[in-house]
Amino acid sequence: MRPVLVAIPSKLLFVLALVLAVASFGRDWLRRRRDPNAPLSSNALYLLAGAWAVMAFRGGSMVPTGAVFSHPWPPVPIHSYGVMLGTSMIVGWFLAMRLARNDGIPEEQAGAIYMWTAVWSIVGARVLYVIVKHDEFEHAFDVLKVWNGGLVAYGGMMGGVFSSWYCCWKRKIPLLRWADVAAPSVVLGTAITRIGCLLYGCDYGKPSSLPWAISFPKGSPAWQTHVETSHLATDALRSLPVHPTQVYELLAGLFLFGVLMLLRRVRKFSGEVFLAWIIGYGILRPIIEIFRGDDRERGAVGPLSTSQFIGLASVVVGVVLLIQLLKRYRRDPDAARLWEAPLEPAVASGPPVRTHRKRRGAR
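Heads up, the final residue of the sequence shown is numbered 1205 in our numbering, and it's a clean run with no missing numbers.
Encoded structure:
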């Protein structure tokens, strides 16, 4: 367990952001001297905003004064969960771009859809967690602290699906065509994120005597639960051995990723890969939930946890959709293979390029 990978000195980060902002501005200024029509980048503004955020949140003041810099600032922690979440998005990006090329979706269009899908996946995952555990948040700002954990996978999936639907509708790209591109990258990203769960110590399992059971150090979520509910001594250095459910979900994600990539080679109709993800994850997740030990963190719908309920419901919906797509495929096999059909010319050529016309009388 290592919730914080490294802590960066706040003042050093503040100075570095300022230096990079000045360097970015200087580069743009020199470029404009050589070419007055050269565009100005907004990198300097972003870096200045970052420096201001460090001063505000770590220095304790929104206004730079001598008193602010006279006292030490708490370091900026780099949380393992946030690192793995970011890693999953980067890996998912490259995979999605490669699969999009294979399915005839322009990279610029696929990149935009992926970006917005990723953003709304995080929002959806956080919203569902806040709904389930609303009593944990004392201040509104705590809702934004995603780096401390507190995401529900199914919330992210629902947010991602709705975002993908809107982005595909706006760009006139069939949703099922994109869904078969996105599903493998989402599954792989979910598996990578579980490494962050393991390092952070969340999503732990029930006590177990199996040879591969693991224990977490004093102060971890599992240790706190065992002290409160399992009569673990408060001076115990580690929690009770528990099921490594984070590893179970990692292995399940990698297995499902392999299945989806294999299925892409033999698929008969669009949506087949996507529904394999929906049904497969909907079966595996409720099974893994049986071994979870963080009951107070997951919420419940009757005898089921929130994720078990959503997982089983998604299996039912996925099977119904699979039957409908099978019927459509049998009626017209060629029309069901969307990745083989050319996109509309406006979509295939990407966004229109704007040209600047001279006004009448201008020289």
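Heads up, the beta-carbon is just placed ideally off N, CA and C, and yes, glycines get one too.
All values derive from a computational prediction rather than experimental measurement.
To the nearest angstrom, report how far apart residue i and residue j are at their CA atoms.
| i | j | result |
| --- | --- | --- |
| Phe-867 | Arg-873 | 10 Å |
| Tyr-1042 | Ser-1156 | 28 Å |
| Phe-899 | Ser-912 | 16 Å |
| Ser-1050 | Ala-1178 | 48 Å |
| Val-846 | Arg-1172 | 53 Å |
| Glu-1091 | Ser-1027 | 16 Å |
| Trp-1011 | Ala-1021 | 13 Å |
| Asn-885 | Ser-1057 | 45 Å |
| Gly-1047 | Ser-883 | 48 Å |
| Ala-893 | Thr-907 | 14 Å |
| Ile-1130 | Gly-1095 | 12 Å |
| Val-1023 | Ala-942 | 6 Å |
| Ile-1132 | Leu-1167 | 32 Å |
| Ala-880 | Asp-870 | 8 Å |
| Phe-936 | Phe-856 | 31 Å |
| Glu-1114 | Ala-859 | 47 Å |
| Thr-929 | Arg-1036 | 11 Å |
| Pro-1083 | Leu-927 | 26 Å |
| Thr-1067 | Asp-1137 | 10 Å |
| Ser-852 | Arg-1134 | 37 Å |
| Trp-1181 | Arg-1019 | 6 Å |
| Val-905 | Trp-915 | 15 Å |
| Phe-1116 | Arg-1107 | 14 Å |
| Arg-1127 | Val-848 | 31 Å |
| Ala-938 | Glu-1070 | 44 Å |
| Cys-1009 | Leu-1163 | 21 Å |
Near residue i, which residues of its chain fall below 8 Å by C-beta distance, leaving aside the five closest residues on each side in sequence?
| i | result |
| --- | --- |
| Ile-1125 | Gly-1153, Val-1157 |
| Gly-1144 | Phe-1151 |
| Leu-1040 | Met-843, Pro-1086, Gln-1088, Val-1089, Leu-1092 |
| Arg-1080 | Ser-1057, Phe-1058, Pro-1059, Lys-1060, Trp-1065 |
| Trp-1007 | Leu-1017 |
| Ala-1142 | Thr-1148 |
| Asp-877 | none |
| Lys-1110 | Tyr-1171, Pro-1175, Ala-1178, Arg-1179 |
Taking 7 Å as the limit between beta carbons, can you name the residues of its chain near residue i, skipping five residues before and five after?
| i | result |
| --- | --- |
| Val-933 | Leu-1030, Gly-1031, Ile-1034 |
| Ser-903 | Met-897, Val-910 |
| Ala-1118 | Val-1101, Leu-1102, Leu-1105 |
| Ile-850 | Pro-917, Val-918, Ile-920 |
| Arg-1170 | Ala-1178 |
| Phe-1099 | Pro-1026, Val-1029, Leu-1030, Ala-1033 |
| Val-965 | Gly-1001 |
State the DSSP-derived secondary structure class of residue i, mapped to helix, strand or coil.
| i | result |
| --- | --- |
| Arg-1170 | helix |
| Ala-866 | Note that residue 866 corresponds to Ser in the displayed sequence, not to Ala. Residue state, collapsed to three classes: helix. |
| Arg-1036 | helix |
| Pro-1245 | What is shown of the chain runs 843 to 1205, which leaves residue 1245 out entirely. |
| Arg-876 | helix |
| Arg-943 | helix |
| Arg-844 | coil |
| Ser-884 | coil |
| Lys-1012 | helix |
| Ala-895 | helix |
| Ala-859 | helix |
What does residue i pair with, by DSSP beta-bridge criteria?
| i | result |
| --- | --- |
| Pro-919 | Ala-849 |
| Pro-1059 | Arg-1080 |
| Leu-1146 | Val-1143 |
| Gly-1113 | Paired residue(s): none; Gly-1113 is not in a bridge. |
| Arg-1134 | Gly-1047 |
Go through its chain and collect everything with a Cβ distance to residue i's Cβ below 6 Å, but skip five positions before and after it.
| i | result |
| --- | --- |
| Met-843 | Gly-1043, Phe-1058, Pro-1059, Ser-1062 |
| Pro-1086 | Ile-1056 |
| Gly-1122 | Leu-1098 |
| Pro-1175 | none |
**Request:** Would you check if there are 3 or more beta carbon pairs closer than 8 Å linking the stretch 878-897 to the stretch 859-866?
**Result:** Yes, they touch.
**Asked** Do the stretch 994-1011 and the stretch 950-964 make contact, defined as three or more Cβ pairs closer than 8 Å?
**Response** Contact between the stretch 994-1011 and the stretch 950-964 is present, because at least three Cβ pairs lie under 8 Å.
**Prompt:** Three or more C-beta pairs closer than 8 Å, one from the stretch 1158-1167 and one from the stretch 1068-1082: is that the case here?
**Reply:** The stretch 1158-1167 makes no contact with the stretch 1068-1082: fewer than 3 CB pairs, one atom from each, lie closer than 8 Å.
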